[in-house]
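See structure below.
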Amino acid sequence: MKEQFQSPIVLLGSRLLSPYIMLFGWYVIIHGHYSPGGGFQGGALLAASVLLIRVAGGTRLSSLQLREVINTPMATLGVAIYFLTGVVAVLAGGFFLDYGQLPIPGLEAAWLRYYGILIIEVGIGLTVMAILIMIYDNMVKGEDHA
Amino acid sequence: MFWELELVIYIFLLISAIVALEVDDLLVAVVMMTIFSFLMALLFVAMGAIDVGFTEAVIGAGVTGILFVVVVYQTSRKTND
Amino acid sequence: MLEFFTGHYAYWFTVILLCVGVYGIMFKKNLIKKTIGLAILQISVVMYWVSIANKWDATVTTLDPNIPVDQVANYLNPLPHTLMLTAIVVGVATLGVAFTLLIAIYNRYGTLDEQELLEKIQ
Amino acid sequence: MKLLKFAILALFAGVLIYASNDLPYRGDPDNLMHAERSITDTPVKGNYFIQEAYNDARTPNMVTVVLGDYRSIDTFGEQVVIFTAGLITILVLRKQRRREE
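Residue numbers (our numbering), protein chains in the order written: chain E, 1 to 146; chain Y, 1001 to 1081; chain W, 2001 to 2122; chain P, 3001 to 3101.
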């Protein structure tokens, strides 16, 4: 952004906080079966942990954490995980997104649905994270200050 | 569900919404918008919708605030009305 | 009388908040102020859906082994919560599209005021 | 003109508040929305979600089950909408930068 002032204290605080916010984001995604949480909230927390470094440190420093180039492949990966889960259920003989037919041996249908929900929530989290970072990156394009 | 608590939060919500629309400085409007989102998250939790409250607290008060600040700095900060 | 008030005041506040959002869209000249009004209107609709999903003396939508699930009145209704959860996230994505359009307009015309924009377009 | 806009807005608010007085009481468990069967005598879905969510997916959080299992195609649509919104930001601002060069 335009009026950037370099402050080492803000940068140090952001670098200290960012890994813990990211860890909490993964916890929210994976523990969403038992507590409030899930793919959307966890993805927004992951995006917040990356945006914190981007706001505090500038473009050149933040490209060490997460490069701008991999935003679009990561969003596509999230959609692909969701869609391929549905397609695998169709190939195994069920309906689209029918997790009870997933080909994991040794589990009853209810537990298969448990793991199916877990898989698609990871996909949702990746997409939400990548898209929120992508919107920020395109909005500050051309203002390389750091 | 305590309706007195909800009434107080509703009144603060109206005040913050009107201030966010009427103030001259757009950065103050963005900060009032963040306060509005956080009060709304409190209200959702008071109504028992914990998932919606969590989402609103993360997205409305976190990510939307950052995006609003970026758009204010990329364009102009002063406004006429 | 008090019972009627506690049963209906949430609807009244929702309507007032929705009208504040419509006021921001109709009367404000600056496009960022219009976007703020749009966000207020969006959140007021979410608030209406959450408030009609409410039940007195009910617990949250996570299963507790001590509370029997046969009595449906023990738990809140989870369907409106789910719909509004996705609506909030889609709302912030579409707000991002609105922001990029605002930046594109400012880069081309140099202003965000509605009257000046109409003069510069012609 | 401004006065006419205010009149329309006030009329809108008045009609909505008058209509909202006929809505059922907030939080009443006997609402039609929370009832066991609807007026056309079909089972109401919200009760099914509360009672059978744990048996179907072994997950205590009902919102997660409705989001991921019962309404999963809806969630897929929302995800595609978010993805499209992200791609639109690339398209709009890239065309803008080319014009500047």
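Note that beta-carbon positions come from the ideal geometry of N, C-alpha and C, so glycine has one too.
Which residues in chain W have a C-beta closer than 7 Å to the C-beta of residue i? List them in chain order.
i       : result
Y:F1044 : V2050
E:V122  : Per Cβ cutoff of 7 Å: no residues; E:V122 is ~16 Å from chain W at best.
Interface residues of chain Y around residue i at Cβ under 8 Å?
i       : result
E:V55   : I1066
E:Y20   : In chain order: nothing, as chain Y lies at least about 15 Å away.
E:I135  : L1067
W:L2095 : T1064, L1067
E:L132  : V1063
Applying a beta-carbon distance threshold of less than 7 Å, which residues of chain E neighbour residue i?
i       : result
W:I2103 : M139
P:D3041 : Per Cβ cutoff of 7 Å: no residues; P:D3041 is ~27 Å from chain E at best.
List the residues of chain P whose Cβ lies closer than 9 Å to the Cβ of residue i, in chain order.
i       : result
W:K2055 : G3027, D3028, P3029, N3031, H3034
W:V2046 : The contacting residues do not exist; W:V2046 stays about 14 Å from chain P at best.
Can you name the residues of chain W whose CB is closer than 8 Å to the CB of residue i?
i       : result
P:R3094 : Neighbours of P:R3094 on chain W: none; closest Cβ ~10 Å, over 8 Å.
P:F3012 : C2019, V2022
Y:L1014 : F2013, I2016, L2017, V2020
Y:I1085 : What is shown of chain Y runs 1001 to 1081, which leaves residue 1085 of chain Y out entirely.
Y:T1055 : L2085, I2088, V2089
For residue i, which of helix, strand or coil comes out of DSSP?
i       : result
E:Y34   : coil
E:R162  : For chain E, the structure presents residues 1 to 146; residue 162 of chain E sits outside this window and is missing.
E:I131  : helix
W:G2110 : coil
E:K2    : Note on E:K2: pLDDT 46, under 50, position unreliable in the model; no value is reported.
W:I2052 : helix
W:T2062 : strand
E:H145  : Only weak support is given to the placement of E:H145: the predicted model assigns it a pLDDT of 44, under 50, and the question is left unresolved by the model.
W:P2080 : helix
Y:I1048 : Note that residue 1048 of chain Y corresponds to Gly in the displayed sequence, not to Ile. It is coil, neither helix nor strand.
W:Y2075 : strand
P:P3043 : strand
P:N3055 : helix
E:D137  : helix
P:R3094 : helix
P:D3074 : helix
W:V2020 : helix
Taking Cβ to Cβ, would you say residue i is nearer than 8 Å to residue j?
i       : j       : result
E:I21   : P:G3068 : no
P:N3031 : W:T2061 : no
E:S62   : E:G25   : no
E:Y114  : P:A3057 : yes
E:L97   : P:I3090 : no
E:H33   : P:T3075 : no
E:Q41   : Y:F1054 : yes
W:V2050 : Y:I1059 : no
E:M129  : E:G43   : yes
W:L2085 : Y:V1070 : no
W:G2024 : W:G2037 : yes
E:G125  : E:I29   : yes
Y:L1005 : Y:A1046 : yes
Y:T1075 : W:V2092 : no
Who are the neighbours of residue i on chain E, taking C-beta pairs under 9 Å?
i       : result
P:R3071 : Under the 9 Å cutoff, chain E gives no residues; its nearest Cβ is about 10 Å from P:R3071.
Which residues of chain C have a Cβ atom closer than 8 Å to the Cβ of residue i, listed in chain order?
i       : result
Y:A1029 : No chain C is present in this structure, whose protein chains are E, Y, W and P.
Cβ closer than 7 Å: which chain P residues qualify as neighbours of residue i?
i       : result
W:A2010 : R3026
For residue i, which residues in chain Y fall below 9 Å Cβ to Cβ?
i      : result
E:P103 : The contacting residues do not exist; E:P103 stays about 31 Å from chain Y at best.
I want to verify the contact list: residues of chain Y whose CB lies under 7 Å from the CB of residue i, in sequence order.
i       : result
W:Y2109 : Neighbours of W:Y2109 on chain Y: none; closest Cβ ~11 Å, over 7 Å.
E:P36   : I1050, D1051, F1054
Taking Cβ-Cβ distances shorter than 8 Å, what residues in chain P pair up with residue i?
i     : result
E:S63 : Chain P residues near E:S63: none, gap ~18 Å exceeds 8 Å.
Using a cut-off of 9 Å between C-beta atoms, extract the partners of residue i located in chain W.
i       : result
P:L3003 : In chain order: nothing, as chain W lies at least about 12 Å away.
Item to complete: Counting only runs of 4+ residues fully inside the region 45-113 of chain E, write out the alpha helix (DSSP H) ranges in chain order.
Response: The DSSP assignment places 59-62, 71-91 as complete runs of the alpha helix (DSSP H) inside the region 45-113 of chain E, in order along the chain (cut-off: 4 residues).
Discussion item. To be precise: take each residue of the region 2071-2091 of chain W, compare its Cβ to all Cβ atoms of chain Y, and keep it if any distance is under 7 Å. Which residues remain?
Written reply: Residues L2076, H2081, M2084, L2085, I2088, V2089.
Worksheet entry | Members of the region 3043-3072 of chain P near chain W, C-beta cut-off 7 Å | Answer set for the region 3043-3072 of chain P: K3045, G3046, N3047, F3049, I3050, Q3051, Y3054, P3060, N3061, M3062, V3063, V3066, L3067, R3071.
Worksheet item: Quick one, which residues of the region 66-80 of chain E are near chain P if we go by CB-CB under 9 Å, in chain order?
Response: Flagged, chain order: N71, T72, A75, T76, G78, V79.
Fill in: Proximal residues, the region 38-55 of chain E versus chain P, C-beta separation under 7 Å
Answer in chain order: G38.
Item to complete: Scan the region 107-119 of chain E for residues whose Cβ lies nearer than 8 Å to a Cβ of chain P and list them as they occur along the chain.
Response: Listed by position along the chain: A110, W111, R113, Y114, G116, I117.
Practice prompt. Scan the region 3002-3027 of chain P and note each continuous alpha helix (DSSP H) run of 4 residues or more that stays entirely inside, going in chain order.
Written response: For the region 3002-3027 of chain P, the full-length alpha helix (DSSP H) segments reaching 4 residues or more read 3002-3020 along the chain.
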